[in-house]
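>
Number of protein chains: 2
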Amino acid sequence: MRDVAILGVGQTKFGELWDRSFREIGIEAGLAALEGARLSSHDLSALYLGNMASGAFIDQEHIAPLILDYAGLGNHHLPAIRVEAGGASGAVALHQAYLAVASGHHDFVVVGGAEKMTDVPDALGQAITSAAADQEWETVFGATLPALWALVARRHMHDHGTHREDFARLSVLAHEHGSHNPLAHYRNKISLDAVLGAGMVAEPLGMLDCAPSSDGAAALVLGPLELARRYTDTPIRIAASEMACDSMAVQHRRDVTTVDATVMAAQRAFRRAGRAPGEIPLAEVHDSYSISGLIALEDLGFYPKGAAAKALREGVGAVGSRLAVNTSGGLKAQGQPFGAVGVAQVAEVVRQLRGEATGRQVSGPERGLTHSLGGTGATAVVHILERVN
Amino acid sequence: MRDVAILGVGQTKFGELWDRSFREIGIEAGLAALEGARLSSHDLSALYLGNMASGAFIDQEHIAPLILDYAGLGNHHLPAIRVEAGGASGAVALHQAYLAVASGHHDFVVVGGAEKMTDVPDALGQAITSAAADQEWETVFGATLPALWALVARRHMHDHGTHREDFARLSVLAHEHGSHNPLAHYRNKISLDAVLGAGMVAEPLGMLDCAPSSDGAAALVLGPLELARRYTDTPIRIAASEMACDSMAVQHRRDVTTVDATVMAAQRAFRRAGRAPGEIPLAEVHDSYSISGLIALEDLGFYPKGAAAKALREGVGAVGSRLAVNTSGGLKAQGQPFGAVGVAQVAEVVRQLRGEATGRQVSGPERGLTHSLGGTGATAVVHILERVN
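These protein sequences, in sequence, are chains B and S.
The first sequence lines up with residues 1 to 389 when you count with this note's numbering.
The second sequence lines up with residues 390 to 778 when you count with this note's numbering.
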């Protein structure tokens, strides 16, 4: 397996993009990534596309050739492959694209993630995204994703003495960072009191503990590292791309407060990269709910179980601390187009490693990590990215 | 890239399986494939799952970890990856699984395809599957998949002098073969007159020109050929696994009567396998509509454009002819669970190469080909399989 680099990045604004269609945002991100990589479409070998629920959201399946087609590449007859894994769809698409390049089967590929969520009523959108949980054991009984994460939060509070303000702090941090990201869905700063005082969605998770439904797309161009310098002065190496799965239903997990899929994916990724959590100055974690972000910091190995709350209280997470978390604004503020977030997280780390994260730039980071979840953690994906010196 | 073999095959009956759930049929096929390969679940590295529209059909996305979970493997934390490409979903999943093994990233993987289609009303099912066509240029105007294939059929008749009975013959052949397949949705034989006299769905395609909606699942175990003899006396080598894409909308294609994605995928596959169409005695082609099956025989290189009709009139397609077509019964008679068919086609070729296709066995075939389509041909996948002597 050969080294794989990211050569280019593209991303649309995230938000309620009512004036733009799925295919328009997909193409915008993809073509921007190609342009960023200074690659001609004739150099491409394949397209990978992460998307959760285009069938339910926009009555369109089979979207990988669709995006290829609307990018003007239909007559190139490239393979175009859609991958679905709930909120981890984009990250799993990247994992597959990584394997295709690492194996030597393809040289240059585009990997995109896209979701158009805000053209349906909110309640329907909630039902659609909750299809990432277990239909027969969870959602059929009325459990939605926020309800399930609320159970997890309650148990974490019970087992580890965590308080609401401990995970609420992640939402404050997300909006602080998002205020500096021109692509973010929300750019307003919020206070801890605002998070704690917001209307309840599923107690103990209030409105501001929950990431929004967003429209948006992000894309990357991957290629073999050995050829990367022809195209860019700042290739970013994918030091590890690993995923793991677990039971669908929360109740079937070994421990409700631990996402074992994250633990396994992280262990594999650190082993593959030859790195330890302490060497990571920068992480984008899957804060679809503030509690899922907090738990990720533990399961990724940054803190022992129950200890992330204290670290966040002491200022960890902010730019300038020893671990900057969700400098993009995270899912909470940058936004949460389900299929796109896994790719957008990687795009943010690339921007950071290139020194392009204006207003939220971490000082000279050598590497960064991304963490994506599907559902309540039946799928977890971890990527470790490094600058090439 | 190393050689990849199929070690085991599993398949449920195809049909209206109202007493069984998606997860039940998924597990049945997967566990049967494992058993057939005499492989322990502890040997597995990953699951790939092809499915088109579980979100719309059964309110469940994120189904790859779901199937892993319900097979009792949730706590193995394997990667489980869902792939979607309309009716080619299973074939594209196999292509991805093939790459994962060929590259050395994984050793043994299960690749499954599954769809549960008959729990929704027929009209809704038609709308769901037509989401494999172009929503903005086709389905929004009322065009469904049969309507689009009817346009293609009309143009083929106009350009190449094809008659209705020329493609109707493929349905007769499918039911003849399906009558010998205990897993087939339909096991009744039908006459040419019955096909020609059936009620019209979209003129010139009648009811018996159209494959049904079915429930069903199929699965394969893949592994490196060099290790295959430990598990089976009859490994089947994947000599080629290739795919190609094209414009989504029929009207945007270079030539309406040619599926260029099939042409490209077939050329790549024959090149990769070092074989020519004349060396293939056995093919499973994507006869979602009788006309799509006929066109496939041309685009795959078995016959020049416009010449498949004559070959079929002369008896090609039957077991005993120089090219046996759709011995499983094809999509028309074996059935058409969208996500499963690409895997089931390969399962049938494996049965044939192993001499296990009782009642429809081709005499000592050395190799066989499968052809799968998404939508009206925006995705095409071709596999060439060979006995290992």
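Ideal Cβ placement from N, Cα and C applies to all residues, glycine included.
#1: For I579/S, which three-state DSSP category applies?
#2: Just to confirm the assignment, what range does the alpha helix (DSSP H) spanning P182/B have?
#3: Roughly how many angstroms separate the alpha carbons of E92/B and G377/B, rounded to a whole number?
#4: Alpha carbon to alpha carbon, how far is H160/B from R169/B?
#5: Does any residue of chain B have a CB that is nearer than 7 Å to the CB of M506/S?
#6: Is the beta carbon of A71/B sitting closer than 7 Å to the one on G30/B?
#7: Specify the secondary structure class of H484/S as computed by DSSP and reduced to three states.
#8: Name, please, each residue of chain S whose Cβ falls closer than 9 Å to the Cβ of A102/B.
#9: Out of F338/B, S363/B, H286/B, which has the shortest C-alpha to C-alpha gap to L369/B?
#10: At the 7 Å Cβ level, is R82/B part of the contact set with chain S, yes or no?
#11: Count the C-beta pairs between the region 737-744 of chain S and the region 446-458 of chain S that are closer than 8 Å, then say yes if the count reaches three, no if not.
#12: Hey, G493/S and M248/B are a contact pair by Cβ (cut 8 Å); roughly how many whole angstroms apart?
#13: Find the nearest neighbour of A217/B within the set Y98/B, S21/B, Y231/B, judged by alpha-carbon distance.
#14: Excluding the 5 residues preceding and the 5 following K694/S in the sequence, name in chain order all residues of the same chain whose CB lies nearer than 6 Å to its CB.
#15: Out of S321/B, G342/B, Y289/B, M243/B, which has the shortest C-alpha to C-alpha gap to V147/B?
#16: So, does the CB of C599/S fall closer than 7 Å to a CB anywhere in chain B?
#17: Helix, strand or coil, according to DSSP, for T768/S in the structure here?
#18: Can you round the beta-carbon distance between H760/S and T651/S to whole angstroms, since I take them to be within the 8 Å contact cut?
#19: Could you check where the beta strand (DSSP E) with G612/S kicks off and where it finishes?
#20: Return helix, strand or coil for I25/B, following the three-state DSSP convention.
#21: Starting from I684/S, trace the alpha helix (DSSP H) in both directions and tell me its first and last residue.
#22: A655/S to V771/S, Cα distance in whole Å?
#23: Between V499/S and A608/S, which are expected to be in contact by the criterion C-beta below 8 Å, what is the C-beta distance as a whole number of angstroms?
#24: Figure out for me which residue from S45/B, E138/B, E165/B has the closest Cα to the Cα of A100/B.
#25: Report the CB separation of S214/B from P337/B in whole angstroms; it is logged as a contact under 8 Å.
#26: Step through the CB atoms of chain S and report whether any lies within less than 7 Å of the CB of G197/B.
#27: By the criterion of Cβ-Cβ separation under 8 Å, what are the contact partners of H641/S in chain B?
#28: Can you tell me whether G355/B is helix, strand or coil according to DSSP?
#29: For L331/B and G320/B, what's the separation of their Cα atoms in angstroms?
#30: For G476/S, tell me which candidate among A521/S, H484/S, D458/S has the shortest Cα-Cα distance.
#31: Report the three-state DSSP secondary structure of Q515/S (helix, strand or coil).
#32: Does D246/B come within less than 7 Å of chain S when only Cβ atoms are used?
#33: Between the region 463-475 of chain S and the region 523-531 of chain S, are three or more C-beta pairs nearer than 8 Å?
#34: For a contact meaning CB atoms closer than 7 Å, what does Q449/S contact in chain B?
#35: Please tell me whether Q361/B and N181/B are closer than 7 Å, where the distance is taken between their beta carbons.
#36: Beta-carbon separation of G612/S and F497/S under 7 Å?
Walking through what the data contain:
#1: Start at 1 with the first residue of the second sequence, and residue 579/S comes out as number 190. Reduced to three states, the DSSP call for I579/S is coil.
#2: Counted from its first residue, the first sequence places residue 182/B at position 182. Premise fails: P182/B is in no alpha helix (DSSP H) and is neither H nor E.
#3: Position 92 of the first sequence, counting from 1, holds the residue named residue 92/B. Position 377 of the first sequence, counting from 1, holds the residue named residue 377/B. Here residue 92/B turns out to be Val, not Glu, going by the sequence shown. Distance between the alpha carbons of V92/B and G377/B is about 13 Å.
#4: Indexing the first sequence from 1 puts residue 160/B at position 160. Indexing the first sequence from 1 puts residue 169/B at position 169. Approximately 17 Å between the Cα atoms of the pair.
#5: For the purposes of this step, residue 506/S is taken as residue 117 along the second sequence, with counting starting at 1. False, the Cβ-Cβ gap to chain B never drops below 7 Å.
#6: Counted from its first residue, the first sequence places residue 71/B at position 71. Counted from its first residue, the first sequence places residue 30/B at position 30. Yes, these two residues count as a Cβ contact at 7 Å.
#7: Stepping through the second sequence from its first residue, residue 484/S is reached at position 95. Three-state result, H484/S: helix.
#8: Taking the first sequence and counting its residues from 1, one reaches residue 102/B at position 102. Within chain S, the residues near A102/B are S492, H494.
#9: Numbered from its first residue, the first sequence carries residue 369/B at position 369. That would be H286/B, whose Cα lies nearest to the Cα of L369/B.
#10: Along the first sequence, read from residue 1 onward, the residue named residue 82/B stands at position 82. True, the Cβ-Cβ gap to chain S drops below 7 Å.
#11: no
#12: Here residue 493/S corresponds to residue number 104 of the second sequence, with the count starting at 1. Here residue 248/B corresponds to residue number 248 of the first sequence, with the count starting at 1. Wrong, their Cβ atoms sit about 30 Å apart, outside the cutoff.
#13: By 1-based counting over the first sequence, the position of residue 217/B is 217. Residue S21/B is the option with its Cα nearest to A217/B.
#14: Here the question's residue 694/S lines up with position 305 in the second sequence. The residues are E687.
#15: The count along the first sequence starts at 1 and reaches residue 147/B at position 147. According to the sequence as given, residue 147/B is Ala; it is not Val. Nearest of S321/B, G342/B, Y289/B, M243/B to A147/B, Cα basis: Y289/B.
#16: Sequence index remark: in the second sequence, residue 599/S carries index 210 (1-based). Cβ-Cβ to chain B under 7 Å: no for C599/S.
#17: Indexing the second sequence from 1 puts residue 768/S at position 379. Looking at T768/S - three-state DSSP - the assignment turns out to be strand.
#18: Position 371 of the second sequence, counted from the start, is the residue given in the question as residue 760/S. Position 262 of the second sequence, counted from the start, is the residue given in the question as residue 651/S. Going by Cβ atoms, the distance from H760/S to T651/S rounds to 7 Å, so yes, they are a contact pair.
#19: Looking up residue 612/S in the second sequence gives position 223. It spans 605-613 - the beta strand (DSSP E) in which G612/S sits, taken as one unbroken run.
#20: On the first sequence, residue 25/B is found 25 positions in, with the first residue counted as 1. Three-state DSSP puts I25/B in a helix.
#21: On the second sequence, position 295 is the one that residue 684/S refers to. From DSSP, the alpha helix (DSSP H) with I684/S extends over 679-688.
#22: As a working mapping, residue 655/S is identified with position 266 in the second sequence. As a working mapping, residue 771/S is identified with position 382 in the second sequence. Their Cα atoms are separated by approximately 6 Å.
#23: Stepping through the second sequence from its first residue, residue 499/S is reached at position 110. Stepping through the second sequence from its first residue, residue 608/S is reached at position 219. Yes, they are in contact, since the Cβ atoms of V499/S and A608/S sit about 6 Å apart, within 8 Å.
#24: Looking up residue 100/B in the first sequence gives position 100. Of the candidates S45/B, E138/B, E165/B, the one whose C-alpha sits nearest the C-alpha of A100/B is S45/B.
#25: Locating residue 214/B in the first sequence gives position 214, counting from the first residue. Locating residue 337/B in the first sequence gives position 337, counting from the first residue. Indeed they touch by this definition, with Cβ atoms about 5 Å apart.
#26: One-based indexing of the first sequence puts residue 197/B at position 197. No, no contact with chain S.
#27: By one-based count along the second sequence, residue 641/S stands at place 252. Those within 8 Å of H641/S in chain B are D69, G74.
#28: Stepping through the first sequence from its first residue, residue 355/B is reached at position 355. Here G355/B sits in coil by DSSP.
#29: The sequence position of residue 331/B within the first sequence is 331, counting from 1. The sequence position of residue 320/B within the first sequence is 320, counting from 1. Roughly 21 Å between the two C-alpha positions.
#30: Counting from one through the second sequence, the residue named residue 476/S turns up at place 87. Ranking A521/S, H484/S, D458/S by Cα distance to G476/S puts A521/S first.
#31: Here residue 515/S refers to the residue found at position 126 of the second sequence. Note: Q515/S maps to helix in three-state DSSP.
#32: Sequence index remark: in the first sequence, residue 246/B carries index 246 (1-based). So yes, D246/B belongs to the interface.
#33: no
#34: Within the second sequence, residue 449/S is the residue found at index 60, counting from 1. Ordered by position in chain B, the residues that pass the 7 Å Cβ test against Q449/S are A131, Q135.
#35: Position 361 of the first sequence, counted from the first residue, corresponds to residue 361/B. Position 181 of the first sequence, counted from the first residue, corresponds to residue 181/B. Cβ atoms of Q361/B and N181/B: not closer than 7 Å.
#36: On the second sequence, residue 612/S is found 223 positions in, with the first residue counted as 1. On the second sequence, residue 497/S is found 108 positions in, with the first residue counted as 1. Yes.
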